[in-house]
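Engineer:
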RNA sequence: GAAGGUGUAGCUCAGCUGGUAGAGCAGCGGCCUUUUAAGCCGUUGGUCGGGAGUUCGAUUCUCCCCACCUUCACCA
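In this note's numbering, the protein residues as written are 56 to 556.
1. Taking only the alpha-carbon atoms, compute the straight-line gap between residue 62 and residue 191 and give it to the nearest angstrom.
2. Would you say residue 83 and residue 195 are within 9 Å of each other, going by their C-beta atoms?
3. Quick check on the DSSP output: the beta strand (DSSP E) that includes residue 110 runs from which residue to which?
4. Can you find the residues in the same chain that come closer than 7 Å, C-beta to C-beta, to residue 541, ignoring five residues on each side of it along the sequence?
5. Starting from residue 190 and walking both ways along the beta strand (DSSP E), at which residues does that stretch end?
6. Rounded to the nearest angstrom, what separates residue 445 and residue 221 at their Cα positions?
7. Can you have a look at residue 405 and say buried or exposed, based on whether 16 or more other CB atoms are within 10 angstroms of its CB?
8. For a minimum of 4 consecutive residues, which ranges assigned as the alpha helix (DSSP H) are wholly contained in the region 420-487?
9. Might you give, ordered along the chain, the residues of its own chain that have their beta carbon closer than 7 Å to the beta carbon of residue 547, omitting 5 neighbours on each side?
10. With distances taken between CB atoms, is the gap from residue 333 to residue 346 smaller than 9 Å?
11. Going by DSSP, what residues sit across from residue 166 in a beta bridge?
12. Once DSSP output is grouped into helix, strand and coil, what is the label at residue 575?
13. State the start and end residues of the unbroken alpha helix (DSSP H) segment that holds residue 9.
14. Exposed or buried, what is residue 73 when buried is set at 16 or more other beta-carbons lying within 10 Å of its beta-carbon?
15. Please give the ranges of any alpha helix (DSSP H) in the region 395-421, keeping only runs that are unbroken, at least 4 residues long and fully inside the region.
16. Can you pull the DSSP bridge partners for residue 126?
17. Using C-beta distances below 8 Å, list every residue in its chain close to residue 369, excluding the 5 sequence neighbours before and after it, in chain order.
18. I need the boundaries of the alpha helix (DSSP H) containing residue 250, first residue and last residue.
19. Could you check if residue 218 is buried or exposed, using at least 16 other CB atoms within 10 Å of its CB as the buried criterion?
20. To the nearest angstrom, report how far apart residue 387 and residue 286 are at their CA atoms.
21. By the DSSP assignment, the beta strand (DSSP E) with residue 328 in it spans what residues?
22. Ordered along the chain, which non-local residues of its own chain (more than five positions away) have a Cβ less than 6 Å from that of residue 112?
23. Assuming contact is defined by CB atoms lying nearer than 9 Å, are residue 71 and residue 193 in contact in what I supplied?
24. Pick from 335, 331, 330, 377: whose alpha carbon is nearest that of residue 352?
25. Restricting to Cα atoms, I'd like to know which of 349, 120, 149, 523 is closest to residue 375.
26. Could you give the residue range of the beta strand (DSSP E) that holds residue 157?
27. Flag this pair as touching only if the region 171-188 and the region 133-147 have three or more C-beta atom pairs under 8 Å; answer yes or no.
28. From residue 226 to residue 233, what does the alpha carbon distance come to, in whole angstroms?
29. Please say whether residue 420 and residue 397 have beta carbons closer to each other than 9 Å?
30. So, using beta-carbon positions, are residue 464 and residue 476 closer together than 9 Å?
31. If you measure between the beta carbons of residue 479 and residue 453, is that distance less than 9 Å?
32. Residue 531 lies in the alpha helix (DSSP H); which residues open and close that run?
33. Does DSSP put residue 62 in a helix, a strand or coil?
34. Nearest CA to the CA of residue 440: which residue from 145, 467, 276?
35. Would you mind reading off the limits of the alpha helix (DSSP H) that contains residue 302?
36. Is it true that the CB of residue 537 sits closer than 9 Å to the CB of residue 354?
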C-alpha cells in the first residue's frame with residue numbers, strides 16, 4: 056500500500072482517494088469492524104406489509120446513486136438482492152449528509168431507516184442514519200437495467216469474458232445471474248451429498264498427491280516433494296484409493312473433490328475439475344445405473360423443482376428411466392455397421408469408411424472408442440446410458456458376465472456429452488494384473504494416457520475386494536446442464552487462465 | 001497444437017481507402033428534497049494489448065510477441 060504510486064492512478068481513482076482522505080479528516084473510519092443488521096433486502100421486499108413504517112437496519116454495496124441536491128436515491132445490494140434507500144438532508148442531518156455526499160457507487164454502507172413506498176411505487180428505506188462501512192477505491196462497471204414489457208434490458212453489461220473470469224468478484228457483483236449460477240452449483244452439490252448421506256454412504260478423503268497416478272486415462276500434473284525428494288502426481292482420479300477402502304471393509308464410500316488432468320482447455324475441459332466418485336460393495340453396474348438416474352432426478356427436483364431443462368436451446372428431460380443402449384447396438388443404429396467381434400484390421404477399414412481418423416498404434420478398442428465418440432455420442436441428446444464396452448478400453452472394469460469380450464461398464468450422456476462413467480469393478484487380482492500389463496504395452500507403444508501398474512492396488516485386490524459397483528460423475532458438466540451454461544468456465548469461479556503479462 | 005476472430009477512456013462501443021482519437025454511461029464542478037437507464041449546463045480523462053518495421057506521418061499497412069473468444073485437434 057505504501058508503495059502505491061498515486062500519480063499512476065487514473066482520475067477516477069484519484070478522486071476516490073481524495074474522498075477517502077476527506078472522510079478521514081471528518082473523523083469517519085472508512086473501513087469499519089462490524090455492523091448489526093435486522094433484515095435483508097429481499098425479506099423487506101417480500102414482506103413489505105409487515106415492514107411498512109417499521110425501522111430496519113440493512114447493509115450492502117451501493118450499486119446506483121441518484122443525487123438531487125438535498126436528497127438522494129440509491130440502490131444497495133446485499134446477498135439477497137437490491138433495495139432502494141432514500142437519504143434526505145433534513146432527516147440525516149448536515150454532517151451525515153455531507154458524508155453521504157462523499158460516497159460512491161461501490162461503497163459498502165449500513166443504513167438505519169423506515170420502510171415505505173415511493174410515489175413511483177418502489178419499496179424504499181428512508182434513512183435516519185447512514186454509516187460508511189468500507190470505501191470503494193477502484194470504480195465498478197456501471198451496469199444499468201430497465202424493465203420494459205416485463206423484459207429486462209441491460210445497458211453497458213460487463214461482458215468481456217476475460218475480465219469476467221479474471222476478476223470474478225466484479226462479475227459476481229454486477230452480473231446478478233452469475234451469482235445465481237454459483238448458488239445453483241452449491242445446491243447441486245449439497246443435494247448430491249444429501250442423497251448419498253441419506254443412503255448411508257460415507258464421505259471420505261483420499262490423497263491428492265500420489266506417487267503413482269491411476270484410475271483414468273489421462274496425462275497428469277507432476278510435482279516434487281522436497282524432503283522426500285520424490286516425484287508426486289496430482290491425482291487424475293480417486294478410484295484406486297477408494298477401492299482400497301472397500302477392501303478395508305467400508306461398504307459404501309464417496310468423495311467429491313478436484314481431479315487434475317494435464318490436457319487441453321476448451322469449453323468442456325478445465326485442468327482442475329470436480330468429480331464425485333462412489334463405490335458400493337455387493338452391487339453391480341445395473342444397480343449403479345438405477346442410482347445415477349435416481350440421484351440426478353433427486354438433484355433436479357431439489358434444485359430446480361423439475362426434471363426438464365432447456366440446455367442451449369435443446370429440451371432435455373432427466374426423468375427416469377433413461378434408455379440403456381449397448382455400445383455395439385448403438386454403433387449399428389448410428390452407422391449401420393456391425394462391429395462386434397471384428398479384428399483390428401476390419402475396424403480400421405470401418406473407421407476409414409466412416410471417415411474417422413485413427414492413429415497407427417491404436418488397438419481395436421481405441422479405434423472403436425473413436426468411432427463411438429464421433430458417430431454415436433453426438434446423437435445422445437436425451438440422457439442415455441451407453442453400456443457394455445469392449446474390454447480393451449476399460450482396464451479396471453469387470454468382464455461382462457455373458458460376454459468375455461465386453462466389460463460391465465456404462466457411461467451416461469446428455470446433449471452428446473459424458474456426465475458419468477461406471478462399472479462393475481474388476482476384483483480379480485490376476486485379471487487386473489494382466490490388464491495393467493496390457494496398458495504398459497500400450498504405453499510403450501506411445502499411448503501417453505495408458506495406465507501405470509499399481510502393485511499396491513493389486514496387493515489390495517489380493518486381500519480381497521467384494522463385488523463392487525463404482526461411479527464417477529463430472530460435477531462441472533452436471534452443473535452446466537442444470538444452469539444452461541455453454542462453457543465450463545461459467546460454472547467454475549476461477550477457471551485456469553494464463554497469467555496477464 | 002492449427003485456423004479464424006477480437007484487443008481503442010473505469011464500463012459498453014464507433015473510428016471508411018494511413019493525417020497522431022470520438023460517443024454514451026461512470027467521474028469532476030454547478031442546479032435540483034419521492035427519483036429510478038433521473039434530468040439540465042459545464043468539464044476531465046486515452047503510451048488505440050506490447051515490440052519492431054514501412055512512411056514526412058501508423059489506431060489504421062507489414063512482421064513478431066501476449067491475452068481472450070470460436071472452430072478443429074487433443075481430452076471425459
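Ideal Cβ placement from N, Cα and C applies to all residues, glycine included. This one's a predicted model, so the numbers in the text were calculated from it and none came from an experiment.
Structural biologist: Looking at the coordinates:
1. Because residue 62 carries a pLDDT of 48, less than 50, the predicted location of this residue cannot be relied on, and no value is offered for it.
2. no
3. Boundaries of the beta strand (DSSP E) harbouring residue 110: 110-123, taken from the DSSP string.
4. 322, 367
5. Following the DSSP letters along the chain, one finds residue 190 in no beta strand (DSSP E), marked with neither H nor E.
6. 42 Å
7. Residue 405 comes out buried.
8. none
9. Counting only residues of its own chain and dropping the five nearest sequence neighbours on each side, residue 547 has a CB closer than 7 Å to the CB of 325, 531.
10. Yes, the Cβ-Cβ distance between residue 333 and residue 346 is below 9 Å.
11. 113, 185
12. Nothing about residue 575 can be read from this structure; the chain reaches only from 56 to 556.
13. In this structure the chain extends from 56 to 556, so residue 9 is not present and cannot be described.
14. The C-beta of residue 73 has fewer than 16 other C-beta atoms within 10 Å across all chains shown, which makes the residue exposed.
15. 399-408
16. 123, 143
17. 436, 470
18. 231-253
19. exposed
20. 45 Å
21. 327-336
22. 92, 93, 167
23. yes
24. 377
25. Of the candidates 349, 120, 149, 523, the one whose C-alpha sits nearest the C-alpha of residue 375 is 349.
26. Per DSSP, residue 157 belongs to no beta strand (DSSP E) and is neither H nor E.
27. yes
28. 7 Å
29. no
30. yes
31. Residue 453 is positioned such that its CB atom lies closer than 9 Å to that of residue 479.
32. 530-538
33. For residue 62, the pLDDT reaches just 48, beneath the cut-off of 50, and the residue's location in the model is therefore unreliable, leaving the point undetermined.
34. The shortest C-alpha separation from residue 440 is found at 467.
35. Per DSSP, the continuous alpha helix (DSSP H) segment holding residue 302 begins and ends at 294-302.
36. yes
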